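Undergrad:
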Amino acid sequence: MSLLLNSKGKESSLVQAVKVAKEIFVVTGAGISQESGVPTFRSKGGWWKKLNPEKLATGRAFKDNPEKVWQWYDYRRKMLSEVEPNQAHKSIAQWEKSGKKVIILTQNVDNLHERAGSNNVFHIHGNIWQLKCLENNHVYRDERPQLPELPPKCKYCQSICRPNVVWFDEDLEEELVEQIEHLVGNSFFDLILSIGTTSYFDYIRKWTLKAAESKAMLIEINPEQTLLSGDADECVRHPVSKLFEKENI
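Under full-length UniProt numbering, the first residue of the sequence shown is numbered 1, with each subsequent residue one higher.
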């Protein structure tokens, strides 16, 4: 079922759902950051069309040529430093400030949710602004848009660092997976929002649906149909940032 948007001054179902919800679980993907100017990986014209991700974003590629892989990530860091959170990021952060409990599970490695003011953000695929050393697993933030040395050296032990992200040939971080499993299995959300994600990964769909078992309303916001659409209570086929501006959510 598709949601009807604002007409003749009446509030949409989405606006009403957000207003009454006290606990909201938000799952975001590349689509929400795309509207800030961040290219997506799978859309037409996405930057991975020019570079093969399975040859670059892997531990094997990093082992073979860490400088080449870091040149790509350095380019991405610079690009991300030049974009700003959009209205969707800002609105979600504002819900939290208004007193609602808002938990965000993002597949994005950028920090646009945090820059907008959100605090409870789980980065299931890692964070491009964190470095992890190969020798002692030190993890720390480094938000310089471009690093002076590639590959960078750990500030604690001087060993080579990698981006603290999950690559194609790697498993998700076990501790983080356990946290999310506990969260979606033991929370009582009023509203679940799937925003700007194709729900391509099985675990994303599983966690979204598990969170909705608390009888929460599940709303998908995406211009196109996704693998989750058939399970959603409502679907909004609209670019997310423009929608939030239009609806004044």
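Even glycine gets a Cβ: it sits at the ideal position worked out from N, Cα and C. Just so it is clear, the structure is predicted and the values come from calculations on it, not from any experiment.
Below 8 angstroms, can you find three or more Cβ-Cβ pairs linking the region 196-215 to the region 224-234?
TA: Yes: at least three Cβ pairs fall under 8 angstroms.
Undergrad: When DSSP labels each residue in this structure, what does Asn186 get in the three-state scheme?
TA: Numbered from its first residue, the sequence shown carries residue 186 at position 186. If DSSP states are grouped into helix, strand and coil, Asn186 belongs with the helices.
Undergrad: Among Pro148, Lys19 and Gly37, whose alpha-carbon lies nearest the alpha-carbon of residue 252?
TA: The structure shown does not extend to residue 252, since the chain is modelled only from 1 to 249, so the question has no answer here.
Undergrad: Report the three-state DSSP secondary structure of Leu134 (helix, strand or coil).
TA: Taking the sequence shown and counting its residues from 1, the one referred to as residue 134 is at position 134. The answer is coil: DSSP assigns Leu134 none of H, G, I, E or B.
Undergrad: Does the region 144-154 touch the region 112-119, meaning 3 or more C-beta pairs lie closer than 8 angstroms?
TA: As far as the Cβ criterion goes, the region 112-119 does not touch the region 144-154, which means the pair count is below three.
Undergrad: I'd like the list of long-range same chain contacts for Ser214, defined as Cβ closer than 6 angstroms, with 5 residues on each side in sequence excluded.
TA: Taking the sequence shown and counting its residues from 1, the one referred to as residue 214 is at position 214. Correct list, in chain order: Phe188 and Phe189.
Undergrad: What first and last residue would you give for the alpha helix (DSSP H) that runs through Thr106?
TA: Walking along the sequence shown from the start, residue 106 turns up at place 106. Run containing Thr106: none in the alpha helix (DSSP H); it sits in the beta strand (DSSP E), Lys101 to Thr106.
Undergrad: Does the distance from the CB of Arg60 to the CB of Asp169 come in under 8 angstroms?
TA: Looking up residue 60 in the sequence shown gives position 60. Looking up residue 169 in the sequence shown gives position 169. Yes, they are a contact pair.
Undergrad: Residue 251 to Gly185, Cα distance in whole Å?
TA: An answer regarding residue 251 cannot be provided, because it is not within the stretch 1 to 249 covered by the chain.
Undergrad: What does the alpha-carbon distance come out to for the pair Asn136 and Tyr156?
TA: By one-based count along the sequence shown, residue 136 stands at place 136. By one-based count along the sequence shown, residue 156 stands at place 156. Using only the alpha carbons, I get a separation of about 9 angstroms.
Undergrad: Just mark Lys90 as buried or exposed, buried being the case when its beta carbon has 16 or more other beta carbons within 10 Å.
TA: Translated into the one-based positions of the sequence shown, residue 90 becomes position 90. Its Cβ being crowded by 16 or more others within 10 Å, Lys90 is buried.
Undergrad: Look up Tyr140 in the DSSP assignment and give the residues it is bridged to.
TA: Start at 1 with the first residue of the sequence shown, and residue 140 comes out as number 140. The partner list for Tyr140 (beta bridge, DSSP) reads Leu131.
Undergrad: Please report how far the alpha carbon of Lys49 lies from the alpha carbon of Asn222, in whole angstroms.
TA: Position 49 of the sequence shown, counting from 1, holds the residue named residue 49. Position 222 of the sequence shown, counting from 1, holds the residue named residue 222. Here Lys49 scores only 44 on pLDDT, less than 50, and its place in the model should not be relied on; the value that follows carries that caveat. Cα to Cα, Lys49 sits roughly 21 angstroms from Asn222.
Undergrad: Could you tell me the boundaries of the alpha helix (DSSP H) in which Val240 lies?
TA: Mapped onto the sequence shown, residue 240 falls at position 240. Looking at the DSSP string, the run of the alpha helix (DSSP H) that includes Val240 is Val240 to Glu247.
Undergrad: When you compare only the Cα positions, how much space is there between Ile83 and Glu234?
TA: Residue 83 sits at position 83 when you count from the first residue of the sequence shown. Residue 234 sits at position 234 when you count from the first residue of the sequence shown. Looking at the sequence itself, residue 83 is Val, so the reference to Ile does not match. Roughly 30 angstroms separates the two Cα atoms.
Undergrad: Is it right to say Gly9 is buried, meaning 16 or more other beta carbons lie within 10 angstroms of its own, or is it exposed?
TA: Locating residue 9 in the sequence shown gives position 9, counting from the first residue. With a pLDDT of only 48 at Gly9, under 50, the local geometry of the prediction cannot be trusted, and no value is derived from it.
Undergrad: Taking DSSP as the reference, what is the three-state secondary structure of Ser12?
TA: Stepping through the sequence shown from its first residue, residue 12 is reached at position 12. In the structure shown, Ser12 sits in coil (DSSP, three-state: anything other than H, G, I, E or B).
Undergrad: Taking the runs of the beta strand (DSSP E) that are 3 residues or longer, which of them lie wholly in the region 143-176?
TA: Fully enclosed beta strand (DSSP E) runs of 3 or longer: 161-165.
Undergrad: Which residue from Lys22, Ile128, Lys210 and Gly37 puts its Cα closest to that of Asp231?
TA: Locating residue 231 in the sequence shown gives position 231, counting from the first residue. The option with the nearest alpha carbon to Asp231 is Lys210.
Undergrad: Would you list, in sequence order, the uninterrupted beta strand (DSSP E) runs of no fewer than 3 residues that lie entirely inside the region 200-230?
TA: 217-221, all fully within the region 200-230.
Undergrad: Could you name the residues of the same chain whose beta carbon sits closer than 7 angstroms to that of Pro239, not counting the 5 residues immediately before and after it, in chain order?
TA: Translated into the one-based positions of the sequence shown, residue 239 becomes position 239. Contacts found: Glu35 and Pro223.
Undergrad: Tell me the DSSP secondary structure of Gly31 in three-state form.
TA: What you label residue 31 is simply residue 31 of the sequence shown in a count that begins at 1. Note: Gly31 maps to helix in three-state DSSP.
Undergrad: Buried or exposed, going by whether 16 or more other CB atoms sit within 10 Å of the CB of Arg141?
TA: For the purposes of this step, residue 141 is identified with residue 141 of the sequence shown, where counting begins at 1. By the 10 Å Cβ count, Arg141 comes out exposed.
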